[in-house]
Every structure is written in structure tokens, then in C-alpha cells.
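Student: For the sequence shown, my numbering gives the first residue as 63, with consecutive numbering after it.
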Amino acid sequence: MKFLTLEAGQLGALIGDTVVDIAEAERALSSQVEIASVQALVAAGDTVAAEVWSLAQQAQAANIACHPLAEVQPQAPIPEPLRNILCLGKNYVEHAQEVGAKMQQSTKPPEHPIIFTKATTSVTAPGDPIPAYQELTQKLDYEAELALVLGKGGRDFSEADAWGHVFGYTALNDVSARDLQKTHYQWFRAQSLDGFAPMGPVLVHHSVMPAPKDITVQCFVNGELRQSETFDHLIFDVPRIIATLSSGMTLLPGDIIATGTPAGVGMGFTPPKYLQPGDEVVVDVTGVGELRNPVIK
């Protein structure tokens, strides 16, 4: 069950290499589903998601409202989040070590989850350019991440119940300006410039989500593999993340949680390998597919 946001903001479903426009399928098949967007689908829950998927399968079988994936340019799955993206910092051991060494800080894993946010306006689509902002930064960096999208809202979730609040997952590039991180003593501005959160191309329902050990998070820059780690190597796993975030704070359907990036970011190399105009960054998360974005001046 893979869902995406099409060019006009409408809900789509991806079956193999075929995209089904759900609004078209609803009209053609006289369906009563009437779900207009990914955000609405997430809020409606798993039962409605299954109904939408069944509709998509019917449409695909009848070749109704179908478009080749190669001819579709999706937006980010949730192009306008209701609020800031919730992010985890230093959540893989080797990444914590590489960042600590470069910034002359402790290289020990954090004792508690490091939480920050990215502005909603940083979200951008697969294929859209990442601005280099050379007037603002000389240390533009990539961070491949698996992002969770919550379905059931609420607060004070237990670790045992945490997975039940996840609607699905997608890929996210947590683009960062390392010099702005240092200048402003925190990470919000350095990771919230417009275009600094490429996301997608699809939102994969939790029912087909592989086990963490079978999910690989990778990043390629100009074809060179820079990052690669399996999702079971998080310092703070998904139950701990969700339980921590929901403790005393209400989480909403559609909230996006970027779970952290593996080792191999640009600042971790000697000399550093920061992004430059003309580069192409590909984030590849198992089941989601490639999130591909060029860097421009």
C-alpha cells in the first residue's frame, strides 16, 4: 500500500509502475470513499486506507484513472505539514561519533533523544532543486533519513503501544547548513531554509513496512554511496522516540518524525564533502524508492 500526492495536490496510489489518480477513480467507479489528499487519508485511518487501496486496485485492473509512473511528478507526500517536522539528532552511533569529532564535542552516544524541528516551509518535492544558498552557507550537507508519519494522535503513549500510532513511512533528506548550526548555537535555522526537506516519493503504509533490520537507509551523491545503514541500528528506536515525544505533548495525525541519519554525512569526511551546485543527491529507503534532488545555485 503506497500512496502519493499528485501534481494538483490530489491523492494517488502507486501499484507497481502505475499511478492511480484516486479522485478520477472515485468518479469513474462511483465510489463513496471521497478522500481528497494524503493528509485526509492519514487522519481517516487504516480502515479507510484499505478501502482506498481496494479502489485503486479496481481502477488499475480496469485501466481507469491510470498513469505511468514515469509521466507523473509527485509532490512530497504531505507537502504542507500541519506543523514543524519533529527530528532526532545523533541517533546512530557512528554518526554521533563523526559529528562529535568534527565539532570537538563528546563522541559518546546521547543519553536521551536529541529533539529539534524543521519548518514546514522547508518541505519540497522529489525532483525539485535544493538551493545552495551560497550567500548564506559554504557547508551545505545532506542527511538521508527514514521519516515516520503518525496516524493516531494523542499523548502519553507507552512504548508497547507506539507502533500502533504509525500510519506509514517515507524518505526524507534533512538538508543542513553546518556553518549556520555553529553560528546560531542550535539547529533550527540551519535546517529550515526553504527546500531543506525533500521528501517522498511515496508514503508506505505500515502494513507493508519491513522489520527494521530489513530496511536500509542510503544516500548517494553523484552516484557515490555516502551513507548506508539498517534501521535497527538506531540508538533510540521507534517506540522510545514516540513515547518520548508524546510524553506530555499531544501528537497529531500527519505529524512527521525524521528518525535520524546514519554515518557518512559530508562533514564527516576529511576533507569534508559538502554539496555544491550541480550535484545530485539520492536518498533511498527500502520500500519507498529513490528521492532524487539536484543542487542549484
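Glycine included, C-beta positions come from ideal geometry on N, C-alpha and C. Keep in mind that this is a model prediction, so the values were computed, not measured.
Buried or exposed: where does Ile358 fall if 16 or more other Cβ atoms within 10 Å of its Cβ makes it buried?
Tutor: The count along the sequence shown starts at 1 and reaches residue 358 at position 296. Answer is exposed; the Cβ neighbour count stays below 16.
Student: For Thr182, which residues of its own chain have a beta-carbon under 7 Å away from its beta-carbon, when the five flanking residues on both sides are left out?
Tutor: Position 120 of the sequence shown, counted from the start, is the residue given in the question as residue 182. For Thr182, where only same-chain residues beyond five positions count, the Cβ hits under 7 Å are Glu142, Pro143, Arg145 and Asn146.
Student: Distance, Cα to Cα, Val345 vs Pro274?
Tutor: Residue numbering aside, residue 345 sits at position 283 when the sequence shown is read from its first letter. Residue numbering aside, residue 274 sits at position 212 when the sequence shown is read from its first letter. Approximately 17 Å between the Cα atoms of the pair.
Student: Taking 8 Å as the cut-off, does the segment 179-195 touch the segment 251-258 (at least 3 CB pairs, one atom from each stretch)?
Tutor: With the cut-off at 8 Å, the segment 251-258 and the segment 179-195 touch.
Student: Counting along the chain, where does the alpha helix (DSSP H) carrying Ala121 start and finish?
Tutor: If you number the sequence shown from 1, residue 121 lands on position 59. Per DSSP, Ala121 belongs to the alpha helix (DSSP H) from Asp108 to Ala123.
Student: Apart from the five residues on each side of it in sequence, which residues of its chain come closer than 7 Å, Cβ to Cβ, to Gln120?
Tutor: In the sequence shown, the residue the question calls residue 120 occupies position 58. For Gln120, where only same-chain residues beyond five positions count, the Cβ hits under 7 Å are Leu91.
Student: Hey, how far is the Cα of Gly330 from the Cα of Asp83?
Tutor: As a first step, residue 330 is located in the sequence shown; it is residue number 268 there, counting from the start. As a first step, residue 83 is located in the sequence shown; it is residue number 21 there, counting from the start. Their Cα atoms are separated by approximately 42 Å.
Student: Does the structure place the segment 255-266 close enough to the segment 187-202 that three or more beta carbon pairs sit under 8 Å?
Tutor: Result yes; three or more Cβ-Cβ pairs closer than 8 Å.
Student: Looking at C-alpha atoms only, which residue of Val270, Leu66 and Ala85 is the closest neighbour of Thr348?
Tutor: Counted from its first residue, the sequence shown places residue 348 at position 286. Of the listed residues, the one whose Cα sits closest to Thr348 is Val270.
Student: What is the residue span of the beta strand (DSSP E) that Glu352 lies within?
Tutor: Translated into positions along the sequence shown, residue 352 becomes position 290. First-last of the beta strand (DSSP E) with Glu352: Gly351 to Ile358.
Student: Is it buried or exposed for Asn235, if we count other Cβ within 10 angstroms and need 16 for buried?
Tutor: As a first step, residue 235 is located in the sequence shown; it is residue number 173 there, counting from the start. Its Cβ being crowded by 16 or more others within 10 Å, Asn235 is buried.
Student: What separation, rounded to the nearest whole angstrom, lies between the Cα atoms of Val114 and Thr245?
Tutor: The sequence position of residue 114 within the sequence shown is 52, counting from 1. The sequence position of residue 245 within the sequence shown is 183, counting from 1. Distance between the alpha carbons of Val114 and Thr245 is about 47 Å.
Student: For the alpha helix (DSSP H) holding Ala206, just list the boundary residues, first then last.
Tutor: For the purposes of this step, residue 206 is identified with residue 144 of the sequence shown, where counting begins at 1. Run containing Ala206: none in the alpha helix (DSSP H); it sits in the beta strand (DSSP E), Ala206 to Leu212.
Student: In whole angstroms, give me the CA-to-CA distance for Gly285 and Glu221.
Tutor: Here the question's residue 285 lines up with position 223 in the sequence shown. Here the question's residue 221 lines up with position 159 in the sequence shown. Each residue's alpha carbon lies about 38 Å from the other.
Student: Could you have a look at Arg217 and say whether DSSP puts it in helix, strand or coil?
Tutor: By one-based count along the sequence shown, residue 217 stands at place 155. In this structure, Arg217 counts as coil in the three-state DSSP scheme.
Student: Between the Cα of Ile304 and those of Phe229, Glu205, Lys170 and Ala206, spot the shortest distance and give me the residue it belongs to.
Tutor: Here residue 304 is taken as the residue at index 242 of the sequence shown, counted from 1. The residue with the shortest Cα to Cα distance from Ile304 is Phe229.
Student: Report the three-state DSSP secondary structure of Pro130 (helix, strand or coil).
Tutor: Against the sequence shown, residue 130 aligns to sequence position 68. It is a strand residue.
Student: Out of Val327, Pro301 and His227, point me to the one whose CA is closest to Leu314's CA.
Tutor: Taking the first residue of the sequence shown as 1, we reach residue 314 at position 252. Per the Cα distances, His227.
Student: Check whether the segment 276-291 and the segment 199-214 are in contact - that is, three or more C-beta pairs closer than 8 Å.
Tutor: Output reads yes: the segment 199-214 touches the segment 276-291.
Student: How about Gln137 and Gly71: are their beta carbons less than 8 Å apart?
Tutor: Taking the first residue of the sequence shown as 1, we reach residue 137 at position 75. Taking the first residue of the sequence shown as 1, we reach residue 71 at position 9. In contact: Gln137 and Gly71 (Cβ atoms closer than 8 Å).
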